[in-house]
Structure formats: C-alpha cells, structure tokens
Amino acid sequence: MSVIFVPNDSAAVSVGADDVAAAIVARAQEQNIDIEVRRNGSRGMFWLEPLVEIEHKGTRYAFGPVLPSEVPALFAAGLAHKSPGAIDHPKALGPTEQIDYLKNQERLTFARCGLAEPLDLQAYEQLGGLAGLKLALKATPKDIVETIAASGLRGRGGAGFPAGIKWKTVADQPGSEKYICCNADEGDSGTFADRLLMEADPYCLIEGMIIAGLATGAERGLIYLRSEYPAAIAVMGKAIEKMSAAGWLGDDVGSCGRRFEIEVRRGAGAYICGEESSMLESLEGKRGEVRAKPPIPAISGLFGRPTLVNNVLTLAAVPWIMAHGAKAYAEYGQGRSKGTQAFQLGGNIARGGLVEKAFGVTIRDLIEGFGGGTASGKPFATAQLGGPLGAYVNDEMLDLPMDYEALAKAGAMLGHGGIIVFDDQVDMAQMARFAFDFCAIESCGKCTPCRIGAVRGRETLDKIIAGDNVKENLLLVEDLCELMTDGSLCAMGGLTPMPVRSAIKLFPDHFASPGADQTAPNAASAKL
Amino acid sequence: MKSAGEAADHIISAICDAHDNNPAALIEILHDVQGQKGHVPDGDLVVIAMALNLSRAEIFGTMSFYPDFHAQPPEAPVVKICRGEACQAMGALELADKFAAAPMAGEPVEVEPVYCLGNCALAPAAMIGDTLIGRADVARLQSVLADLKK
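These protein sequence lines map, in sequence, to chains H and Y.
For the first sequence, our numbering assigns the number 10 to the initial residue and increments by one for each residue that follows.
For the second sequence, our numbering assigns the number 685 to the initial residue and increments by one for each residue that follows.
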C-alpha cells in the first residue's frame, strides 16, 4: 500500500490542498488502488504547495505544486504503482530531502515539520520528540536554566533578549504562582513561522513550555494565539488534550510529581497584543493597552505574578537544546547570535517559504539563493526586514549577514525573521505612509507620541506625496520620527520611524514629486 | 414560561459559566457569544457584566478595543483582504479595489481590511469565514463566496 502525504497546513489548504487530497482518494477508489492519504504539516516550501509526497522504500518523493485537475494525469504517469523516482511528470521534483531549498537549510527547531501527521504523538516521539523533556525531568531547575543560558538562545519574537537571563529571573522569584505565557500573536506582516510550527509540530511548543515550567517553577502556561489562525488554534487545543491524556500535562507531569497545565487563549484582531505587556493585559480580559516598564513581566507580569513571556520560536527551540546540549546549539550562528533563525520569505518572491538557517547567512543568500528573486521577474528594489516596524534595505545592503548586532549596526533589525521582497514597481513614499497609517490604526492609544504622532506622520506624508513643501515636510517627518522613537512607551510607536526613515534615506527620489516642488532636495532626480 | 430575553440571558450565562465566570476569560467569552450569535448584542453586555462581577463599562471597553467584535450583525458576507506589506508587494490594494468594484453578481459583500493572515509566501491573501485563500484573485474570492452560499 502506498502512503501519500498531502499537507493540511492552512497555507497549503489556501491554495487547494484539500481538493488535491480529495481528488487523490477519489481517483484511487475509482482505480481500486490501495492507498493511504496522510495529512502532514507543511515542509515550509510554500511556493510548491500543494506539495504531494509519496513514500517509497523509506524515501519520500515530492510533486508540486499539484492542481486537483492534475491528479488523474499523475495517476496515469504511475503514481501509486510505479517507483516514484521513475515517474515522468512536469511536477515531479525527486526526493523531497534533495530539493536544494530544503537540503541547504539547517533545520533544528523545524526538523520535524512536514514529516508526520501533526497530532501523531507516537510519530513525534519516534522523530526525537520528548527527548529534551525526559532529560529535563531528571535535571534540577538550575541545570535547565544554565543550559538555556549557555546555548546563547535569545528571544525570537524580535527583541533578542537573552532567554537564559529571563528564565533565571523568573526562577529566582519566590512562590509557585508563576506563569509561562507563550506569545503566539504573530501579527507582523511577512511572518508565518509560528503558525507553521504550531500547525505542523504542536507538541514541540508544548514540550518547550513544560520544560520552561520545570525550570522556573511555574505551574500554568497560556498560549496567546491570534484569532486569524483558526487552524493553529484547533491543532494546539487537540495537542494539549493528547499531551494531557498521555500524562505529559496535568497534576503529575511525566510522573515526576510536578504540575503543569496549558490553555490556549484567542486574540481578537489587535496587532498591539503582540507587545508583551499588552498581551498580558489581554490575557487578563482587558483592553490591550501597554504597561509602563518597570516592573518587568519576569518580576510582575500576569496578575502581578512572575511571568515568563517568550515567543513561540524561543520556546520551540528549547526541546532541541535540552536534547542535544547547549554546546551543540551554540555551534550554530556567529558572534552573539547563536543557533538558528527561522527566516520567512514573503511578498514578491519566486520561492516563498520558511528557511531555517544559522545566523550569519546573508540577506542575498536568502532572497536570491533560496528565494530565487522576485516573483514578478522585475528587478529587485527593496526588502523589509522584521515586519511592519522593521527597516527597508536596498540592493547595496544585501550582503549584510543576518545577525542581531550586524543588522542593528546597519540601522535595521531582524525582528521575527520576516523578509518581504518588493520589485521596482514599489512606491516607497506610499510604503512610508503605510507605516504611519498602520501605527495609527493599531496604536493602543495609551501614549501620545504613538497615538497622535502616527496620525500627524500620515498627514505629513500625504502632503509630501502631493508635492506640498516637500523639503520642509521631510524635516517635520524627521523631527516627528525622533520624538516617536524617544518618547513612545513601546516598540509600536518607537519603531514605526524605522521603516519611514529607512525609506526616506535609501530612496530619496521617491519622496520628491516632479515639478511640484523645485526646492525638494532630490527634485533633479525625481521619479518620473 | 420564559420570555425570549430570559432565554437569551440563559445562553450568555451558560457561556460565562463554562469559563468559571472568570473575568480574565472575557475575550474568550466574547468570542463564544459572537460564535453563537454572529455578533455581541448590546443587551448581552450587562448579562456578562453581572456574571463576571464587572461593570458594563468594563465589558464595553474591552469589547470595543478589539476589531474582531461586532455589536451589529454583518449585513453581508465579510471578505477580509490582507493589506500587510507582503500582500501589498503582490498587488493586494489593487485586488481589494477590483473586488470591491465587482464583488458578486449584484449581491452585497463587506470588504474588510486585515493586517496579515500569516500566508505571506502565497500573497495576496484573503479570508472568508475561517477559509484562508492564498494567491487570491477576484475569481477565486467569488468562487469561495459561491461555495459558502451552497
């Protein structure tokens, strides 16, 4: 009997994976062929979705992107009865693991994604899952914290704060009413790694959270999961039930006498709730308004109790680190950026998807090597790194290594690892305006620089776009950016200037309307 | 015999009970109410407030903060078209304009902006109900809407 894999990842389903799976089952029934269709997670090669795989003698062969209408032709070419390597079809891609995009990655956190059915706990264990937790159950909390610290793991949500220090701070607080809050409010445009992981390998995140609970003494975990991800919400809920039934969650975690429970809480469409203090307010059932710091959440977080707030990718890196050791993890990466990062290629890119790679890979390797350049085939113009609050980079900056410090030095940031590519049709004045517009829409309204500044910024960009006193208005924008950077309570207002300033700096001719204002600094080279 | 109002109260109370009348679960409760009724009617706020021992103003304050919650039922099917940068890079704004101009043959549709659906590698993305659509174009949005009507 052939086993055929068709992902049930929501991105794959968004381009027809359910129809492909149904077409395969129907065709096999028609032809009386005995097959089993398994709905795995995605491998993260989204441009190939729906990616159909067939297992043959322990090797999986890929076909993609498969349209439902192509299924009969695939069967005619020998799918399900011929050796898949010998099938001659334009969509045949050979052994999945030999596809360059996948072969050239360094998958640690995402190693299991796409291999098995996401909720198959037995498969999870066979593929190396739970090994880290079993070791953690035998270790002291202090040992676990030291391992995380020694691995060099930093917060993958964007801020890059050393995870070991945060874990130690929470562990050092007295009492047992502490919380592990997993930030799964992945709102940055250009990012989908959290969603992919939660849909493909949900137990990995749960395992990381249990280990965090053991290390810090917390007995309750909450996953704040955005409502835009209904599939991930469903998968995580079922995964928690299965882990509880198997005794890995509950009153006696892995028979070690310790308690740990996890609950999923849905977000409700507010981008700001990805900011940690706003997320905590939301988890308390309140408006998602940011809190002033200090106190930091590690000391006074959810309900005023010590709270470990980590991103999905930070917590999901933990099982691998526990299982393979801090040293093995720290061997990946460079400088103070240790381990791997899940880079997410999106926007106008030929081969969009997830690339897990050690820190230090260049932007060019990611966009050109993995991504294959623009989807439109038009020349590359810019990429925005790290989401809506991240900087734009131009062609000359593509050889920068992806590492926290190198990017910060160049005035950019890694954020959550998203890379959005634009071709030369992009209007950077419109993108700068959008940065303010987005901030105006999503600001929680608590502090004035963000609430009012974003609106004034949008108005001023409108004037610039209309050619009204461009030079003076650009100075005003710069002044406003300085104020928002210095005066905002959180990164929403504080980093909105980053895309704006980088757009103005790198693409000055986009900010000077031809003819309208001859005093504009770059009027001579104005865009036609 | 119970009045219609009391029966509605009973549904809301049962939802709050299922969350242990815990004020911290307010957003989950609002989601559940909207899941059952399609919106969160104004009259339900006071029932939730009583159950959670909060003021009606607190419930309203939380509810009105979050774009997901609606006090009125949607007048037509809602089509969310992503306006995030990744989707803009693939023509999402043009798609939204085109679709708004010709949504469905003569039938009303509400086009709502949304900022990132986590499908940035298959942009532009859209969502109708819980159905995510990648590489969206006008024809695909129309065909998903037509399927939903069946």
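All residues carry an ideal CB built from backbone N, CA and C; glycine is no exception.
On a Cα-Cα basis, can you pick out the residue from the options that is closest to residue i?
i	options	result
H:V29	H:L409, H:A82, H:G53 and H:P328	H:A82
H:A325	H:R36, H:E106, H:R116 and H:G25	H:R116
H:A159	H:G173, H:A148 and H:G167	H:G173
H:M10	H:T349, H:L102 and H:N41	H:N41
H:R69	H:G94, H:G164, H:G167 and H:E45	H:G94
H:Y238	H:E195, H:I220 and H:G310	H:E195
H:R467	H:D477, H:A444 and H:S291	H:A444
H:L289	H:V262, H:L223 and H:C191	H:C191
H:E155	H:A224, H:R121, H:K91 and H:I474	H:A224
H:H90	H:M252, H:K418, H:G167 and H:A37	H:A37
H:G49	H:F170, H:L130 and H:Y338	Checking the displayed sequence, the identity of residue 49 of chain H turns out to be Asn instead of Gly. Comparing Cα-Cα distances from H:N49 to each of H:F170, H:L130 and H:Y338, the minimum goes to H:L130.
H:G184	H:G386, H:P315, H:G342 and H:T383	H:P315
In whole angstroms, give me the CA-to-CA distance for residue i and residue j.
i	j	result
H:P530	H:R465	In this prediction, H:P530 scores a pLDDT of 45, lower than 50, which makes its location untrustworthy; the coordinate-derived value is nonetheless stated afterwards. Going from the Cα of H:P530 to the Cα of H:R465 covers about 22 angstroms.
H:G294	H:R52	36 angstroms
H:A392	H:Y401	5 angstroms
H:S23	Y:G802	11 angstroms
H:F520	Y:C800	26 angstroms
H:A332	H:D152	13 angstroms
H:I429	Y:A807	11 angstroms
H:D526	H:A438	Unreliable positioning characterises H:D526 in this predicted model, as indicated by a pLDDT of 44, which lies under 50. The coordinate reading is nonetheless provided below. Taking the straight line joining both Cα atoms gives about 15 angstroms.
H:V509	H:L515	10 angstroms
Y:P751	H:L142	38 angstroms
H:I242	H:R275	8 angstroms
H:K175	H:A227	13 angstroms
H:G259	H:D18	28 angstroms
H:K112	H:P150	36 angstroms
Y:E712	H:I271	15 angstroms
H:G625	H:R460	Outside the shown range of chain H, which is 10 to 537, sits residue 625 of chain H, and nothing can be said about it.
H:L231	H:E285	13 angstroms
H:S236	Y:H715	9 angstroms
H:E79	H:F55	18 angstroms
Y:P757	Y:Q772	29 angstroms
H:R229	Y:A760	41 angstroms
Y:L825	H:G355	21 angstroms
H:I358	H:G380	6 angstroms
H:D518	Y:D821	32 angstroms
Report yes if the C-beta of residue i is less than 6 angstroms from at least one heavy atom of the ligand SAH; otherwise report no.
i	result
Y:P757	No copy of the ligand SAH appears in this structure; indeed no ligand is present at all.
Is it right to say residue i is buried, meaning 16 or more other beta carbons lie within 10 angstroms of its own, or is it exposed?
i	result
H:M245	buried
H:P99	exposed
H:D43	exposed
H:G266	exposed
Y:N737	exposed
H:R345	exposed
H:K187	buried
Y:N706	exposed
H:G103	exposed
H:D97	exposed
H:A301	exposed
Quick check: residue i and residue j, are their CB atoms within less than 7 angstroms of each other?
i	j	result
H:V15	H:E64	no
H:Y413	H:L398	no
Y:I765	Y:A780	yes
H:L144	H:L136	no
H:D203	H:A193	yes
H:V327	H:G217	yes
H:V370	H:C499	no
H:G138	H:Y212	yes
H:C448	H:S497	no
H:S287	H:G297	yes
H:F119	H:E340	no
Within the same chain, show all residues whose beta-carbon is closer than 6 angstroms to that of residue i, passing over the 5 residues directly before and after it, in chain order.
i	result
H:L57	G73 and P74
H:L492	P458
H:L416	M422 and L423
Y:G745	none
H:T178	A307
H:A101	F72
Counting only the same chain and skipping the five closest in sequence on each side, list residues whose C-beta sits under 8 angstroms from that of residue i.
i	result
H:P77	G25, D28, V29, A31 and A32
Y:D814	none
H:Y110	M54, R360, G362, V364 and F379
Within the same chain, show all residues whose beta-carbon is closer than 7 angstroms to that of residue i, passing over the 5 residues directly before and after it, in chain order.
i	result
H:T494	G503 and P506
H:G420	A400 and S511
Y:V717	I696, I699, V724 and D728
Y:H703	A709, E712 and I713
H:Y280	G196 and E451
H:V46	I13, V15, A30, I33 and V34
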